[in-house]
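A short write-up of the structure that comes next.
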Amino acid sequence: MTIWLNAPFQTRFRVIDGLTVRFARSEDRHEQALLLSLWPESLFAFEPVWSWLAEHAHLVAIDLPGFGHSQRCDGLPSPRAMSEFLIRTADAFGLEHPHVTGSWPTATDHPARPCAGHHPAHGPPPQQQRPGKHRPQHPRRTP
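Just so we're on the same page, the working numbering is the position in the sequence shown counted from 1, plus 10.
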């Protein structure tokens, strides 16, 4: 556990899918959020807004593998591998339907929700388009 003098949270480590990952979490609430630090930051990027967000949701922030103090894994930079890792991360923290925010280096090709469609339990993938291409005002999803 790491304690920073002014940080509104304490960091800890957990092994997820064989990798040691640094994380911070807030108290349980009905709403849930998985915070992925913006590349190439660490979970401390959420320090300025942590207290406010924690009033509204159960927060889990992680240092993505290879960043901050999390263990590096060469096989995770692909969108599919990272999506699977994020699903296992949400499962490890008991997050059933979290809001997910953040980025990782390969996300530019997959701007929609990173985990949707890569796991049968999470339903069909949303329509995904590359940034800059026309997006309809009201995209329709088929049942």
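Just so you know, even glycine gets a beta-carbon here, dropped at the ideal spot from N, CA and C.
Within 7 angstroms, strictly: CB atoms of residue i and residue j
i: Ala43; j: Ala64; result: no
i: Ala100; j: Pro89; result: no
Candidates the options, of which the one nearest residue i by Cα
i: Arg32; options: Arg22, Phe54, Val70 and Cys83; result: Arg22
i: Ser52; options: Arg90, Gly76, Asp84 and Asp27; result: Gly76
i: Leu7; options: Val25, Asp27 and Arg35; result: As shown, the chain starts at 11 and ends at 153. That puts residue 7 outside it, with no answer to give.
i: Ile154; options: Arg82, Gln81 and Ile72; result: Residue 154 is absent from the model: the chain starts at 11 and stops at 153.
i: Gly104; options: Gly28, Glu37 and Thr30; result: Glu37
Residues near residue i by beta carbon distance below 7 angstroms, same chain, minus five either side
i: Pro18; result: Glu57, Trp60 and Ser61
i: Pro50; result: Phe77
i: Arg24; result: Val31, Phe33 and Ala102
Residues of its chain near residue i, where Cβ-Cβ distance is below 6 angstroms and the 5 sequence neighbours each way are ignored
i: Arg39; result: Ala67 and His68
i: Leu29; result: Pro75, Gln81 and Cys83
i: Glu106; result: none
Beta-carbon contacts of residue i that lie in its chain and below 8 angstroms, excluding the five residues immediately before and after
i: Arg154; result: It is not possible to answer for residue 154, since the shown part of the chain is limited to 11 through 153.
i: Glu41; result: His66, Ala67, His68 and His109
Cβ separation of residue i and residue j, assumed to be a contact under 8 angstroms, to the nearest whole Å
i: Ala102; j: Ile26; result: 5 angstroms
Continuous alpha helix (DSSP H) stretch holding residue i: start and end
i: Thr30; result: Taken as a continuous stretch (DSSP letters only), Thr30 belongs to no alpha helix (DSSP H), being part of the beta strand (DSSP E) at Leu29 to Arg35.
i: Leu96; result: Pro89 to Ala102
i: Leu63; result: Glu57 to Ala64
Opening and closing residue of the beta strand (DSSP E) in which residue i lies
i: Phe154; result: The structure shown has nothing for residue 154, since the chain only spans 11 to 153.
i: Ala43; result: Gln42 to Leu46
i: Ala17; result: Per DSSP, Ala17 belongs to no beta strand (DSSP E) and is neither H nor E.
i: His68; result: His68 to Ile72
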